[in-house]
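Heads up, the thing below is written out as structure tokens.
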Amino acid sequence: MKTKAPHSHGWLVGIVGLAAGISLMVLFPKLKAVAGVVLLVALFHLVGIAVVLGSLASFAPRRLGRFMENPRGRTSDEKGYDFGWSQVAMNGHWLAAVTLWTVAFGLQLQWPGLWPAWFAMALIGVNCFIGGLLLRTSKRTDFASLPLVDLLRSDKDLVLDAGCGGGRTTLALSKVLGGGRIVAVDRFDAYYIDGGGRALLERNLRIAGLTERVQIEQGDLTALPFPEAHFDSAVSAHVIDHLKQHKRTGLAEIFRVLKPGGRFLMVVWVPGLATFSLANVFCFLLTSKAGWRKLAREVGFEIRDEGTFNGMWFAVLERPR
Ligand SMILES: C[S@@+](CC[C@H](N)C(=O)[O-])C[C@H]1O[C@@H](n2cnc3c(N)ncnc32)[C@H](O)[C@@H]1O
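Here the sequence shown is numbered in my numbering, starting from 69 and rising by one per residue.
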């Protein structure tokens with residue numbers, strides 16, 4: 069049975085209330101008192117929700133994760149592929165944009181002299197809107213989710229998909245990998261992918277007719293359950309950048325399991341315009357391109373290619389022969 073997320077009405081009351089209050093104020097100035105009450109109730113709801121989310125994030129991050137992964141909003145595409153992205157993940161940026169624009173509009177009406185504040189708020193709203201567009205396009209399967217690069221040794225390669233999640237990268241890889249096989253590895257415990265992703269991956273592979281060609285393994289990227297020099301090539305998209313202080317260990321593990329001459333395609337978030345629209349000022353906390361190059365060289369990789377793809381940065385790293 070579908071359950072309703074607690075407090076989910078708060079956003080709706082907050083945003084609709086703000087819009088209604090501001091409209092009342094503009095269209096019926098005599099009803100200023102009513103408009104004021106409506107605005108107060110709306111702001112009360114928005115602040116309440118922000119406090120609930122803030123407390124959950126500080127005291128119970130996993131509970132917040134479960135709240136955000138609310139399965140009601142999961143979207144599958146026309147083929148039925150479903151990568152487990154929650155409603156919040158798909159629409160959160162647009163919700164933030166509408167909220168910022170509404171507040172900016174209200175400020176502009178009430179205190180036109182405070183133009184730097186409402187102008188900045190409106191600009192951040194535009195930024196969030198662009199971030200939302202970027203997220204939606206990159207979460208559709210009819211858009212390529214890997215860059216076209218010189219990665220494979222042959223179309224019979226054994227390829228590692230490190231951190232496969234619901235299988236978005238696994239499916240993209242299978243399209244260019246003639247008769248080769250893929251080993252899809254993940255811890256399958258990401259709070260932002262419904263159920264951690266394993267059931268979704270199995271389902272997506274069934275739909276794509278790939279069940280026989282893809283071996284699923286539960287494992288940690290910082291201690292891969294494979295012998296040295298096992299894979300011909302490897303791919304990892306939007307994963308190594310999640311490893312925090314273990315990035316170097318993750319890279320070294322991929323280096324270890326690759327055969328000499330094997331190549332690794334890594335896609336990561338780096339500070340830039342696209343990530344600014346997704347993560348705002350927090351994007352400056354991400355490892356820079358120079359930082360990634362340094363880490364890759366330190367574990368022994370040679371950099372064969374690099375570039376920007378869907379707003380993210382990619383590099384083709386080779387384990388020397
Ligand atoms: C943003 S998802 C990307 C999934 C997929 N590559 C894609 O592009 O759709 C990141 C994935 O990395 C996995 N992950 C993060 N840290 C991991 C680790 N230490 N070991 C294995 N998997 C990990 C998560 O479980 C999650 O499925």
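By construction, the Cβ of each residue, glycine as well, lies at the ideal position given by its N, Cα and C atoms. Just so you know, these numbers come straight off a predicted model, no measurement behind them.
(request) Under 8 Å by Cβ, that's how I've got Leu29 and Leu214 pegged, so tell me the actual separation to the nearest angstrom. (result) For the chain, the structure presents residues 69 to 389; residue 29 sits outside this window and is missing.
(request) State the DSSP-derived secondary structure class of Glu270, mapped to helix, strand or coil. (result) It is helical.
(message) If you follow the alpha helix (DSSP H) that Ile322 is in, where does it begin and where does it stop?
(response) Segment 315-325, the alpha helix (DSSP H) holding Ile322.
(request) Drop a sphere of 10 angstroms on the beta-carbon of Thr237, count the other beta-carbons inside from all chains shown, and report buried for 16 or more, exposed for fewer. (result) Buried: at least 16 other Cβ atoms inside 10 Å.
(message) Just to check my reading of the structure: Thr170 and Ile117 have Cβ atoms closer than 8 Å, yes? What is that Cβ distance to the nearest angstrom?
(response) Contact doesn't hold; Cβ gap of about 15 Å is too wide.
(message) Here's the rule: buried if 16 or more other CB atoms are within 10 angstroms of the residue's CB, otherwise exposed. What is Leu216?
(response) Taking all protein chains in view, the Cβ of Leu216 is surrounded by fewer than 16 other Cβ atoms within 10 Å, so the residue is classified as exposed.
(request) Give a yes or no on whether the C-beta atoms belonging to Arg271 and Asp150 are separated by under 8 Å. (result) Yes, Cβ-Cβ distance for Arg271 and Asp150 is below 8 Å.
(request) Would you identify the three-state DSSP class for Ile261, choosing helix, strand or coil? (result) In the structure shown, the three-state DSSP call for Ile261 is coil.
(request) Apply the 10 Å Cβ neighbour rule to Lys315 and answer buried if 16 or more other Cβ atoms are within range, or exposed otherwise. (result) Its Cβ being crowded by 16 or more others within 10 Å, Lys315 is buried.
(request) Look up Gly449 in the DSSP assignment and say whether it is helix, strand or coil. (result) Since the first and last residues shown for the chain are 69 and 389, residue 449 lies out of range.
(request) List the whole-angstrom C-beta distance separating Lys357 from Trp381, where the pair is believed to meet the contact cut-off of C-beta under 8 Å. (result) About 6 Å separates the two Cβ atoms, so the contact holds.
(request) Within its chain, find whatever has a CB closer than 8 Å to the CB of Ala87; leave out the 5 residues flanking it on each side and keep chain order. (result) For Ala87, the CB contacts under 8 Å within the same chain, skipping 5 residues up- and downstream, are Thr170 in chain order.
(request) Check whether the Cβ of Arg236 sits closer than 7 Å to any heavy atom of ligand 1, and report yes or no. (result) Checking the Cβ of Arg236 against ligand 1 gives yes.
(request) Using a Cβ-Cβ cut-off of 8 Å, state whether Ile117 counts as contacting chain B. (result) In the structure shown, chain B cannot be found, because there is only a single protein chain.
(message) Less than 8 Å between the C-beta atoms of Arg324 and Arg372, yes or no?
(response) Their beta carbons are not under 8 Å apart, which means Arg324 does not touch Arg372 by this criterion.
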